[in-house]
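Residue numbers are given in our numbering: position 218 of the sequence shown equals residue 503, and the series is strictly consecutive. We put the CB at the ideal spot given by N, CA and C, even for glycine. Given the structure is predicted, the values throughout are model-derived calculations rather than measurements. Worksheet: one structure, shown below.
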Amino acid sequence: MLHSLFLHKVAEDTMIMKKKMADGNTIAPIGKHEHGGNIYKLKRDGLSHDGDMIDFSANINPLGPPGWLRSHLNRNLELVGHYPDPECFELKRTISQTYQVREECIVPANGTTELLHFLPHILDKRDVVVPVPSYIDYISVFHKNGFPIKSVVLSEKDGFQITAEILEPHIHGNEIVILGNPANPTGTFLADHQISQLARRHRHTLFIVDEAFHEFVLPFKTVGETTDNIITLNSLTKFYATPGLRIGFGVLPADYAKNIKKILPQWSVNTLAQSSAVKFLEDNDYCEASRLACTQLREHLRGELEALRQLVVFPSQANYFLVKLQGEMSVDSLYNNLLKNSIIIRRCGNYLGLDSSYFRVAVRTESENSLLIQALTRVLGNKTKALTKSTRPSHPLMFQGTSSNAGKSILSAAFCRILLQDGFKVAPFKAQNMSLNSHVTHTGGEMGRAQVVQAMAAKVDPDCRMNPVLLKPNSHTGSQVIVNGKPVANMEVKQYHQYKEQAWQAVKKSYDQ
286 MLHSLFLHKV
296 AEDTMIMKKK
306 MADGNTIAPI
316 GKHEHGGNIY
326 KLKRDGLSHD
336 GDMIDFSANI
346 NPLGPPGWLR
356 SHLNRNLELV
366 GHYPDPECFE
376 LKRTISQTYQ
386 VREECIVPAN
396 GTTELLHFLP
406 HILDKRDVVV
416 PVPSYIDYIS
426 VFHKNGFPIK
436 SVVLSEKDGF
446 QITAEILEPH
456 IHGNEIVILG
466 NPANPTGTFL
476 ADHQISQLAR
486 RHRHTLFIVD
496 EAFHEFVLPF
506 KTVGETTDNI
516 ITLNSLTKFY
526 ATPGLRIGFG
536 VLPADYAKNI
546 KKILPQWSVN
556 TLAQSSAVKF
566 LEDNDYCEAS
576 RLACTQLREH
586 LRGELEALRQ
596 LVVFPSQANY
606 FLVKLQGEMS
616 VDSLYNNLLK
626 NSIIIRRCGN
636 YLGLDSSYFR
646 VAVRTESENS
656 LLIQALTRVL
666 GNKTKALTKS
676 TRPSHPLMFQ
686 GTSSNAGKSI
696 LSAAFCRILL
706 QDGFKVAPFK
716 AQNMSLNSHV
726 THTGGEMGRA
736 QVVQAMAAKV
746 DPDCRMNPVL
756 LKPNSHTGSQ
766 VIVNGKPVAN
776 MEVKQYHQYK
786 EQAWQAVKKS
796 YDQ
């Protein structure tokens, strides 16, 4: 009956679906099937023309493809006169060396969507557990192949975060659990070791982990092959900004890999995609530059979006944000108004677990992000909000010592990287430093070098607010006082004690920001 309703009564079924979600029942996917990045349809509908639209609906690396790609494609163009290597030998060897997984577990494909669509044909029919909101195809692909679907609705108040504690009550053995890491459209990230531990605790459950945006968080890592009940889907087109080239791979337990290879179309990965992917995985400089740039662009865009009063922005570790629109304007109206400003966003009303008040925006270049903010400001009426407690850091961690050189700075730097790798958004902060060694930021301000090292460990741009007060000794009893990166005055001890209240106000403001 649900299948018939799915085919013939979409609107009615959407209401049924949302009620069943609220009741916690097993559900089938109902609703409009839509993806971002479909600029071709806008062109056909006369709403877009070549080169005049900025597509924030597709989550692609804002740096664009590596600079060498065009010449590489030109050099290898003559190879299109031959069939591609059906074994993808060079590509599999490179993936194996880069990700430290066995070649027999690697299955290259024409994008990970191809693998996702073939997976139901090699798996036994069993319940499929999907935390939602999530990428729409997880549910639609398995539903149309007759798998029972159980959606686990994540909490908005927790930022739609997926945790082992949320999933485990729904795991009883012999299920398939599908999740994105980072998740789409939310951008939440579950530490790899937590997924591996979850899979070890539930050996009879198969975990399918979509790592399409994993490279934006961690370099060349996968939970594939950490245990024999995990399948990972790894896209190369989003991070390397080549979605039209279509290249991805899966890491599957050996038996699953052998079975899916039997049914995949021969030559599904074209010659240019194979040769480009090998070069992608060898370009460490591009990867490091991309992660650093995307992190900086993301955090700046987050602050700009959060300043708009009508928007609630959810934390993200990926190159996109899930946003909730509050107030009288609908997302459809916002979408149409932004189209008039040559900007495309992704409406999220067709994601299970979300309603029509949500949309998603990709992180793009600094100038493009600025155009988005300007357009949003015009459309929403230029209403901004003041900083509130809800936008402040919620989990501070302090390192204390009884002397200088006790190890506070190096421990803080180490934990900046450890917490980042565990999926947390982290930044260093030290109210006052006394040091002659300073660093000049890209905005021209001075700050302590220890916080610069910590910022680098956290993969965020050094910011003078991380060290709002810097004292540079210039005598036995005096120092140059630098506040928020700018020199204030040379002060003796007594003068500085009198100035401390002003410094304290600057410290509090920087910490809150």
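For Ser436, DSSP records a beta bridge to Val415. Counting only runs of 3 or more residues that sit fully inside the stretch 588-662, the beta strand (DSSP E) segments are 596-598, 605-610 and 643-647, in chain order. In this structure, the beta-carbon distance from His585 to Glu651 falls below 9 Å. Restricting attention to Val415, Asn555 and Leu657, the CA atom closest to the CA of Asp370 is found in Asn555. The stretch 562-570 and the stretch 415-432 do not touch, with fewer than three beta-carbon pairs separated by less than 8 Å. Under the 10 Å beta carbon count, Asp540 is surrounded by fewer than 16 other beta carbons and is classified as exposed. Exposure of Ala774 is indicated by the presence of fewer than 16 other C-beta atoms within 10 angstroms of its C-beta.
Note on geometry: alpha-carbon atoms of Val737 and Leu491 lie some 42 Å from one another. With distances taken between CA atoms, Tyr781 lies nearest to Pro758 out of Asp513, Pro416 and Pro758. Runs of the beta strand (DSSP E) lying entirely within the stretch 533-584 and spanning at least 3 residues, in chain order: 533-536. Annotated three-state conformation of Leu665 is helix, per DSSP. The beta carbon of Asn346 sits closer than 6 Å to the beta carbons of Phe524, Ala526 and Ser575 from its chain, once the five residues preceding and following it are set aside; these are given in chain order.
Per DSSP, the continuous beta strand (DSSP E) segment holding Ile493 begins and ends at Leu491 to Asp495.
Spatial neighbours of Ser553 in its own chain (CB-CB distance under 7 Å, excluding positions within 5 residues in sequence) are listed in chain order as Ala394, Asn395 and Glu399. When secondary structure is reduced to three states using DSSP, Ile461 falls in the strand class. A contact is defined here as three or more CB-CB pairs under 8 Å, and the stretch 498-518 meets this definition with respect to the stretch 470-490.
Within the model, the alpha-carbon separation for Gly666 versus Leu557 is close to 47 Å. In this structure, DSSP gives Glu510 a state outside helix and strand, which the three-state scheme calls coil. Judged by beta-carbon spacing, Ile451 lies beyond the 9 Å limit of Val462, meaning their Cβ atoms are not closer than that value. Contact check for Arg488 and Asn514: beta-carbon distance about 6 Å, within the 8 Å limit, so the pair qualifies. Between Val392 and Leu537, the beta carbon gap of about 6 Å places them in contact (Cβ cut-off 8 Å). Where His455 is concerned, there is no enclosing alpha helix (DSSP H), because DSSP gives it neither an H nor an E. Here the alpha carbons of Ala698 and Ala743 stand approximately 8 Å from one another. Taking the Cβ atoms as the reference, Leu607 lies roughly 5 Å from Phe599, within the contact range of under 8 Å. Closest by C-alpha distance to Leu755, out of Glu731, Gln685 and Gly535, is Glu731. The beta-bridge partner set that DSSP reports for Val768 consists of Val754 and Lys771. Distances from the alpha-carbon of Glu363 to those of Pro681, Glu372, Lys543 and Ser560 put Ser560 closest. Counting along the chain, the unbroken alpha helix (DSSP H) around Gln382 starts and ends at Phe374 to Tyr384. Close CB contacts of Asn430 within its chain, under the 8 Å cut and outside five residues either way in sequence, are with Pro405 and His406 (chain order). Rounded to the nearest angstrom, the Cβ distance from Thr397 to Ala542 is 14 Å, too far for a contact under 8 Å. In this structure Leu549 is not in contact with Gly533, their Cβ atoms being roughly 12 Å apart against a cut-off of 8 Å. In the structure shown, Gln798 falls within a coil segment according to DSSP collapsed to helix, strand and coil. In the structure shown, the three-state DSSP call for Asn519 is strand. Taking every protein chain shown into account, the CB of Pro713 has 16 or more other CB atoms within 10 angstroms, so this residue is buried.
A straight-line Cα-Cα distance of about 6 Å links Gln595 and Gly612.
Note: Asp340 is bridge-paired with Ile629 in the DSSP secondary-structure output.
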